[in-house]
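First up is the structure itself, then whatever we jot down about it.
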Amino acid sequence: MTYEPPVTDYDHIVENCTCAFCGCNCDDLDYLVKDGHVVAVRHACRLGASKIMEDMDQRLIVPMIRDENGELKEVDWDTALDKAAEYIANSIRPVFYGWSETSTETMKEGVALGEYIGAVLDNQATICHGPSLQAVQNAGYPIQTLGEVQNRADMIAYSGSNAMNSHPRHMARYAVFCRGYFRQRGRFDRTVVTMDPKFSDTAKCSDKWIGFEQNGDYGFYNAIRAVLRGKELYQDVISGIPKEDIYELAEEMKNAEFGVLFFGLGLTHTLSKQRNIDIAIKMVQDLNKYSKWGLTPMRGHFNVNGFNIFMAFECGFAFGVDYCRGYPRYMMGETNTIDLLVRKEPDCFMVIAADPGAHFPNGANQHLADIPVIQIDIHWGPSTELADVVLPGSFIGVECAGTSYRMDGVPIFMKKAIDKPETCRDDEWIVRELKERVMKLREEPNTAPKYVPNPNAL
Amino acid sequence: MKTITFDQIKTSSIALEFDELIPDEIYSWTEADFAKYQVPIGNSRFPLTDFFEVTVEGEANGPDEVEMIINGDLNRVKYIGCKMSGGNIVCNSSVDLHVGAEMSGGSILVKGNAAAHAGREMSGGYLEIEGNTKEFTGASYIGEWRGMTGGQIVVGGNAGKQCGECLTGGKIHVKGNCDILAGIHMTKGVIEIDGDVNRWPGGQMKNGNIIIHGFLGRLLEGFVLNGIVVDPEVEGVTYEGKYIQYTGDIGLNGKGNLYLDAEANKEKLATYGELDDEYTSIREYRNL
Amino acid sequence: MEYILKNGIVYDPANEVNGEKMDVMFKDGIIVDDVSADAEVLDVTDKIVMPAGIDPHAHVAGPKLVVGRLYRPEDSRRGVTQKTKVLRSESGFSIPSCPATGYRYSRLGYGTVVEAAMPPLEAKHTHEEIATIPQIDIPAMPLFGNNWFVMEYAKDNNIEDIAAFVAAWLKLTKGYGIKIVNPCGSEAWGWGMNVHGINDKAPYFDVTSKEVVVALAKANEMLNLPHSIHIHPNDLGHPGNVPTTIETMDCVKDVKKGSKAAEIRDQVMHVCHLQFHSYTGNSWKDAASGAEEVADYINKHDHITCDIGQVTLDETTTMTADAPMEYDLFKLSGLKWANKDIECETAAGIIPCIYSAKNPVNTLQWAIGLELFLHIDDPWKVCLTTDHPNAGPFTRYPRIISWLMSNTRRMEMIENREVHKWAEKRTTLATLDREYDFYDIATISRAAPARIYGFTDKGALTPGYRADIAVYDINPNDIDPSRQYAEIEKGFNVADYTIKDGQILVKDKEIVKVKESQNVWVNVQGWEKNEEKVINNIMPFFTQYYSVKWENYPVHDHYVSNPIRIDVDGK
Amino acid sequence: MHYANTYLEKPVVPDVKITGEGTTDVLKCMLNTGSDIYQGACKKRGSTLKEEYKNASGTCYMDPRDMAKLGVNNWDTVLVKTDFGEVVLNCAVSRDAPHEGTVFVCKGPWANTIVSHDTYCCSDPTYKGIRCTVEKTDRKVLLMADLMRWVYKKYVDEEDDDVVENMDSLGELPVYHGRKWEELIDHDL
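Chains as they are written, first to last, in my numbering: chain E, 39 to 496; chain R, 740 to 1027; chain F, 28 to 598; chain C, 5 to 193.
Listed below in structure tokens is the structure:
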């Protein structure tokens, strides 16, 4: 790494912009703008800065449609939108996936379109914190805003989360290093524990590293709960951790004044998936008998929580909502994108502000090769290589304003700092336009004429 | 008695939803009614007769007098027998999701495998699956803490993960092996497993009984060893032989019982804590 | 457009109209004295006509609602209906989705619903939800009772700065009035503790709950806000909380009403869901009703109004900013517990709750609610609520009305053991034979809440008011509510007509039109200088200890596209 | 125009020199995937077609002892196989070592070809804790566009993996038929 002099050549600064990278939604960024481009970003982490100062080589600027030779061809907006609307209107099992890197204003149009046509609406939670949400639904959700952590927490546990790599400012701005009202000495007033099979970068700057074995999460947390109940452990080593360490950790957690458990994909992607988090939540609930504990899932995209919140107030379910029968349905293994793709059910797939090409397993993506794929995004990415219609959107928080929800549910209005490229459109406009075109093509949505609601309910 | 036979003409890649075709709804239908009926597929409806030839024989005055026989490849037919309260369904093939979900009476026989959520939240009746089932057999709807409350599920083959999740009554009998976390969160009822169990049965259980006749890979710390019992009697059934009995899950002050066949788990007491092979957990039970 | 509702039987307590057969006319959204011959006639012969309902205390929008919806899909699954040409799909029973909330209130004949707890930091979220709920007007009440700044000022007895702070925060959050929840208790919950009683201090802040309440009440009157302080006292749901409740009510009796406020409302304190605050005893084993004592205080004092929070004996979801109480409940029920602490401001707890008629405690709660309704003599002091969704969903209001109107039904429930015998043994419910009439019902669900909130354009059929009207298919001259309680419930379940701002939303019991909701907020004038000073003072603290930038704190106009602004002269 | 440099050609990894042939041809390992800061930065700045993304995401991070067993050095190529597919990756010393017996691949199109799509009814595929084998290979690591063509073959008629793998590279810049901007701007929209 080489030293880089600070950027001094800029026209003006836009202050207090919100970062459009991870669920931290840092809202203190300053953009240095020259000739309508952001040339430098102050306060952002490496990830945030890299996103905001995007690579223009791969910026999607003009709508494109795949031609008969399988090559993308630039077309005008009308042609591209009509083509996309045609795919959607003719589909029986459309899936609209993504939404986590766009604003709730766009989602509003999306849910209108999805409900009209009878689509499945799903977001990135389905491949990251979906199990967390399922665990929340089974066990509860003791959460707090990040300011509470900053002001009160004296014990921070990261479990299956490598904050230093995926939420680089999390420790600095909200959790560990920052000074809080009751924690005036910052890092020195806090104990940091990292629970992760890997000796990750976060573990390296923690006071304690619990390197439990791969897939052993459930057994490990169960043992802590047993200890909290006063039980003697009879195995010497549980999930790769000596029992003495578990006693010690449980004691430390009980004695914290205010503890917070941050958990990431390390828990959701392993063997017992949602149950890892389920039992971690139960552990936090147990700990509240002794002191104050809370937890927060380390959400990845800046608005992945926003979609879950948005869908919850629009239809009562957080993600993976299937409108195909004209009412919302939410069922694990049935209405989620990966399951649908693996079962080869969808016949039209719209990706908005997401990149299944980069994130879905081969087994799911294979089906995308067989069906029309519509992509709304700002960059040429792996999904573009599978897309049949490409609609260039705009960059929320930089080129376009919108609402997002931080990982702890605090809403943030992301403001606009620069103009978007002339040929791009706002995501909100694109989806609304699609909705109107689909409505024209399919005047009467073909939904089930009969449904008897649960008679006990009302 | 009325026999309704569904013979498949063609399959669909998008699942057909059979939640309206249960004895409670169709006991009075004639062949002409079926010819008019449109079955939901994705966001649309299509004539049922495009996919199935329906033959009706006999008369019925109520759902109990109906026998449905469904022939063909049902791997993309979901919600078979969902919410039924009586009658009899025979599926001569593997079936898709939610077979027998929320049923309160009657019986379903699946002569093949069943996909996930078989018998979810059933409150009565009898569901038999000759082959394997996938995840959440006899489980609850997500978020719901009251799962299956009555009736019986018999799985001839293996059961997937989280079999009998939140079980609140009834009995699940798995004749083959069971994947991880069988009986998680259960509060009542019985799970009997003839084969082996990979890891962690009964996580966070409050009450109820799990009987494992085969080998258990890994047990949770939340279980307290009670000792060896001979010929234990669980809800009126006596299981012959020696069993190791545990109580759990202590994390919830649980009073659930876990019986392990002492013969099959001879080493359990001695070499407790041996690791099983992760490989098994991910692949093996899946493809059996 | 001009309309005339012909031959209805009108109950309009604000204008002392008690069951008169008369016509109600409105034009361009406003009630008028007279219309031209072109007016469209809506024949409502022998049907009940009332102002549209006003729900003074419900939780319909905001972060804790969404946590509830997020973590209770099993509740959302109940009450799912398919979309129609006019309506979107609905879901949920105790915590309906936003569209469902609007539709269901509209079907009940309601026009205004107060969202009773809005954390200022997440006010944007509340407003996003308000914008998603159709059909009704929604004022929202920001939470002040555990706000660090308020506690600091209250410790110094600095009423003027509290007033300026409140004035500023109502603007920032687009709020309607001061909501106080478990003052000092939710702050104590930040350390896993609670306060016990009104004289207990918040840890660190060294201020008692009473000091906070009195200071906020004084500030409220200093600003002449249309509503008084709206308080959820300490010790909610704990046996033996009657003294705390009475002391809370008593501590503001000497606070003088603001001169302009006195013209539009009577009280200086509104106590919400009083039922949860009227228990005697030391534990649930020996708990009994304290309704008589509490009601007696209210009967003797004019500075208090209340709503009840009537338990409806359903499976529901409880959610309140009283987070420590929710954790206590969780320890009892062992179901799933959600909690949400909000930095420097408040906390919230949510748990599923099954109120069962077989359960002695739930039955006691049910009976206490009804006792309060029947013991409080003046219906203008009491409002109909279930504290939706805490004691039951608002869709049960018609059932509560049928209970209030029918002593026969109440005795039947007690004598047939439909409810636990505690109802008879530990409360006076069985001895009360008072029955509400339609005029009383119109008072507790329309006129009283409107007066308590200082609404000067709704809650009555006065010419010049907004045309918010409900028509029910009940002929009051032809029904004996005491015996025909089932018909009463059925009649109030779906309005024949619901008219909001002159638009016919429900016609013949079907929703025929969907209208955008409007937020109602109070803009205090005359305090701008003080507000600026207070904001400047707290800015260093804010920058250091809040996790958002100041610029991101207020509710931008973007979120309140179509508000009703109420200008209040604060000086 | 000066843009601040937010990325690196290659992730910085510890220096290690493995000498000798190694003791095994095929190493049995546990595969983990996830994000790291290099991968995240490349992905989000949108340089996914380029060499830098290949280096950040198409790299198999290994414990140095495992590398010694295979006899591979930083930035040699290895073939990783699971039950779900195979892919050629660079290998490099893991910054999080020691974790003998575990290899780490950042999420991205490369990892996708070898992770499990099984969700076990839990919406989320199994990205972590998958049995895999690692072996030395001479095949080259494909750029993103080439990899997508090789795995999904959506727009090539050829079905044979080897043929597709050796087709002309699509390169590091988008491939599409351009038209003139002016024609395409519809000012009415």
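Note that CB positions come from ideal geometry on N, CA and C, so glycine has one too.
Quick caveat: nothing in here was measured; it's all calculated off a predicted structure.
Compare the C-beta of residue i with all C-beta atoms of chain C and state if any pair is closer than 7 Å.
i       : result
D49/E   : no
E874/R  : yes
F237/E  : yes
D1016/R : For D1016/R, the predicted structure reports a pLDDT of 43, less than 50, and the residue's modelled location is therefore unreliable. The matter cannot be settled from this model.
State yes or no: is the C-beta of residue i within less than 7 Å of the C-beta of residue j?
i      : j      : result
A85/F  : F465/F : no
S133/F : S124/F : no
I501/F : G518/F : yes
Y135/E : V342/E : no
Y203/F : W548/F : yes
G218/E : P235/E : no
P129/C : I376/E : yes
S442/E : N63/E  : yes
I90/E  : D68/E  : no
Taking 7 Å as the CB-CB cut-off, is residue i touching chain F?
i      : result
Y982/R : no
R190/E : yes
T183/E : yes
E186/E : yes
D66/E  : yes
N54/E  : yes
Residues of chain E with CB closer than 8 Å to the CB of residue i, please, in chain order.
i      : result
C125/C : M370, G371 and D377
Can you pull the chain E neighbours of residue i, defined as C-beta to C-beta under 9 Å?
i     : result
P18/C : Within chain E, no residue comes near P18/C; the closest Cβ sits about 13 Å away, beyond 9 Å.
Please confirm if residue i has its CB atom under 7 Å from at least one CB of chain R.
i      : result
P123/F : no
S310/E : yes
I130/E : yes
Please list the partners that residue i has in chain C, where partner means a Cβ-to-Cβ separation under 9 Å.
i      : result
K900/R : Y124, C125 and C126
Shorter than 7 Å from the beta carbon of residue i to some beta carbon of chain E?
i      : result
M171/C : no
G961/R : yes
I949/R : no
I989/R : yes
K158/C : yes
D165/C : no
V600/F : Outside the displayed range of chain F (28 to 598) lies residue 600/F, so it cannot be described from this structure.
Against residue i, what residues of chain R qualify as contacts under a CB-to-CB distance less than 9 Å, listed in chain order?
i      : result
E383/E : S752, I753, A754, G781 and R815
Y256/E : I919, L920, R938, W939, G942 and L959
R475/E : Within 9 Å Cβ-Cβ: nothing; R475/E doesn't reach chain R, min ~17 Å.
Cβ closer than 8 Å: which chain C residues qualify as neighbours of residue i?
i      : result
A853/R : Neighbours of A853/R on chain C: none; closest Cβ ~12 Å, over 8 Å.
For a contact defined as C-beta to C-beta under 8 Å, what are the partners of residue i on chain F?
i      : result
I881/R : P100 and E101
Closer than 7 Å by beta-carbon distance: list the chain E residues that pair up with residue i, in chain order.
i      : result
I923/R : R313
Between residue i and residue j, which are expected to be in contact by the criterion C-beta below 8 Å, what is the C-beta distance as a whole number of angstroms?
i      : j      : result
K33/F  : V68/F  : 5 Å
A754/R : E383/E : 7 Å
E869/R : V849/R : 6 Å
Which whole runs of the alpha helix (DSSP H) in the segment 503–538 of chain F are 4 residues long or more, in chain order? 512–520
Beta strand (DSSP E) runs contained entirely in the segment 115–184 of chain C, provided each spans 3 or more residues: 134–140
Enumerate, from N- to C-terminal direction, the unbroken beta strand (DSSP E) stretches of 3 or more residues contained entirely within the segment 204–285 of chain F. 206–208 and 256–259
Any alpha helix (DSSP H) of 4 or more consecutive residues that is wholly inside the segment 356–431 of chain E: 375–380, 394–397 and 400–406
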